[in-house]
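Trainee: Numbered by our numbering, the letters in the sequence shown go through residues 22 to 296 in order. Structure below; questions to follow.
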Amino acid sequence: MSLLAFFWKGEYGISGRRYCALYDSSERLGLVHLHMFAKESPEVEKHLIFRDYLREHPNSARLYDQTKKTLSQKFRNEREKYTEGKTDLIQSILRQAKIWKNGGHLLRKAELGDEAEIANVHLNSWREIYKGLLPQDYLDSLPLTFSRRMRWWKKSIAEEREIIQIIETNEGIVGFSCFGPARRSEDSDMAELYAIYLLERHKGKGFGFELLRSGLKLMKESGFKKAYCWVLDKNPTIEFYKRTGAQNSGVTMDAEIGDQKVTELMYIWKDLGEF
C-alpha cells in the first residue's frame, strides 16, 4: 500500500489535509482517501451537509459532477475561474441541502436576492387574509404594487435596520417576519413586529410560530423587554397572537386602507424573557 498526504482546501476553502492510500488487492487496484480539517467551524458543517445531501440525491450529484467536469476542461490551468464557475451551483445545492437536513423547511435571515419572493408572499398573503375585510377592488389592485414593494424590501434587507427572517421550503420562500424598534416615540422602550405573513397553504405547520418566536428572541437579545404589534380588529389572526402570549393593550389606532376606515388594536408581549 502506498500513502500520500497533501494540504487541501474543500469546496468552501476550508484548510485541511487529504490522505490518499493506493492498495493492490488480488483482484484490482483501489484508492481510498480521508479528509481531515484543520479545525471545526460552521464551514465544515456546510461541507458535511453538502456531502450528505449529494449522497442521498443522485440527480444533484450527477449535475454537480458534470459541472465540475465541464469547468475543469474549460479552465484546466485556472483554478480561481474553475472555483468561481461552480459557486452558484454549490450555493443552490447547499440551500436545498439545509432544507432537506431540517426536515423540509429552513428558517433563515433574509438576504439580497430574496426581495422578489418576499414581495410575492406579502401581496398574496394580504389578498388571502383580508378577503372580506377590505374592499375587493383594492385587493385586486395589489399586484400593480409588486415592483414598488420589491424595491422597498430590497432596500430594507440591504440597510439591515430591521430583523427580517424567512421560511423557505422546496417551493421557495413561503413566509417572512419583520421586527425592529418601535416606530411610535411613546413606545420607544419596546420592540415592534412590523409584519408577519405566511401563504395560506403553509399555515398549520408551525411556521408562523417559528418566525414569531425567533424574532421575539432576537429582539430580547437586542435589549428589549417588551414587544407589540398592530392588528386589524376583525383579523382572525388575533387568535394566533393570543396563543403566543400577546395581550390586548386597549390601545387602538384608526387608519384607512383602500378608502375604507379600519381600526387597529395594539397587542403586547409583556415579557420577552419567555422567549
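Ideal Cβ positions, reconstructed from N, Cα and C, are used throughout, including at glycine. Just so it is clear, the structure is predicted and the values come from calculations on it, not from any experiment.
In this structure, how does DSSP classify residue 80 when only helix, strand and coil are distinguished?
Mentor: helix
Trainee: Across which residues does DSSP place residue 253 in a beta bridge pair?
Mentor: 285
Trainee: One question on the structure: do residue 231 and residue 128 come within less than 7 Å of each other, judged by their Cβ atoms?
Mentor: For residue 231 and residue 128, yes; Cβs fall inside 7 Å.
Trainee: Could you please give me the residues that DSSP links to residue 219 through a beta bridge?
Mentor: 196
Trainee: Measuring alpha carbon to alpha carbon, tell me which of 182, 72, 224 and 289 ends up nearest residue 211.
Mentor: Ranking the options by Cα distance to residue 211, first place goes to 289.
Trainee: What do you reckon, are the CB atoms on residue 154 and residue 255 nearer than 7 Å?
Mentor: Result yes, Cβ atoms of residue 154 and residue 255 sit closer than 7 Å.
Trainee: Between the Cα of residue 276 and those of 234, 253 and 249, spot the shortest distance and give me the residue it belongs to.
Mentor: 253
Trainee: Return helix, strand or coil for residue 26, following the three-state DSSP convention.
Mentor: Residue placement at residue 26 is flagged as unreliable, the pLDDT there being 48, under the threshold of 50; the coordinate-derived value follows with that caveat. Three-state result, residue 26: strand.
Trainee: Short check: CB of residue 100 to CB of residue 140, under 7 Å?
Mentor: no
Trainee: Helix, strand or coil: how does DSSP classify residue 201 here?
Mentor: strand
Trainee: The alpha helix (DSSP H) with residue 169 in it runs from where to where?
Mentor: 167-180
Trainee: Helix, strand or coil for residue 91 per DSSP?
Mentor: helix
Trainee: Which two residues bound the contiguous beta strand (DSSP E) that contains residue 236?
Mentor: Segment 228-242 is the alpha helix (DSSP H) holding residue 236; no beta strand (DSSP E) there.
Trainee: CB residue 239 to CB residue 228, shorter than 7 Å?
Mentor: Not closer than 7 Å, so no.
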